[in-house]
Amino acid sequence: MYWVFKTEPAECSILDIQAAGPKGVVWEGVRNYQARNFLRDQVKIGDQVLIHHSSCAQVGIAGVGVILAEAYPDPSQFQPRSLYYDAKSTPEKAPWVAVQVGFVEQFSKVLSMTELRQIYGLADMQLLKKGNRLSIIPATKAEFDLVLCVAKAYSES
DNA sequence: GCCAACGTTGGC
DNA sequence: GCCAACGTTGGC
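Sequential numbering from 48 applies to the first sequence in my numbering.
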C-alpha cells in the first residue's frame, strides 16, 4: 500500500530519516486510534510513504520513505520522560505501536498543499481534505505516482 | 494566534 | 449511550 505520514520536521524530518541510514527511524508517538489501526493492521514492509512536513515553515511533502519493519510496541509509551508516555500502557497491554521507516528520496523542493491541490488527479487525496487531522493517511497508487511525477518535474525545471 | 474540524472525556 | 464541554491538531 501507499501512505502519507505526517511529521513535524523539528521532531523527525526527511533529513533525519536519511541520516538514520539503513536501519531507518522509529516512527513512534502515534496516539490516535484511527492512525494506530492503520499502523498496526495495514502498514506492511515495503510500503512506500510520502513524508509530509507539518507545523513548520515549509508545510508539504518533502520526500519518500519505505517501511522497513512492521508494527511493534511503541517503546515511547513506557518511557516516563517521553512526550509520548502513556501511564496506562503495560508490556502485557500496550495499545500503541511503532514502525521503522527508511529513506528513499528527498524531493528537490517541498510540495506545498496549495501546489498539490492544483494537480488534476489529486483532488480527492485525503491529505488535502479540509479538517484532516490523521497522521497516518492511506493514499492510492495513482496519487503516489502523481506526486512523484510532480516532484520529478520540479527537479528537472 | 486564529479557528475549523475533529477526538476525548465524563456526567447523567 | 447521549451529548456538551473541553482539548488537540494543523493550515493559514
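A virtual CB, placed ideally from N, CA and C, is assigned to each residue, including glycine.
Between the C-alpha atoms of Ser204 and Leu169 there is a straight-line separation of about 21 angstroms. In this structure, His99 is the residue among Ile61, Val73, His99 and Ile64 with its C-alpha nearest to the C-alpha of Met160.
For Glu117, the uninterrupted beta strand (DSSP E) segment begins and ends at Gly107 to Pro120.
Look at the stretch 115 to 201 and you find these whole runs of beta strand (DSSP E), each 3 residues long or longer: 144 to 158 and 183 to 186. Rounded to whole angstroms, the gap between the alpha carbons of Val77 and Ala200 is 33 angstroms. Collapsing the DSSP output to three states places Gln89 in coil. Counted as a single uninterrupted DSSP element, the beta strand (DSSP E) harbouring Val51 occupies residues Tyr49 to Thr54.
Counting of Cβ neighbours within 10 angstroms places Cys196 among the exposed residues, the total staying below 16. The alpha carbon of Leu193 has as its nearest neighbour, out of Leu163, Ala67 and Gln173, the alpha carbon of Leu163. In the DSSP assignment, Ala66 falls within the unbroken alpha helix (DSSP H) covering Ile61 to Ala66. Comparing alpha-carbon positions, the option among Ser102, Ile64, Phe125 and Arg83 lying closest to Ile184 turns out to be Arg83. With a cutoff of 7 angstroms on beta-carbon distance, Val113 and Gln95 are scored as near each other.
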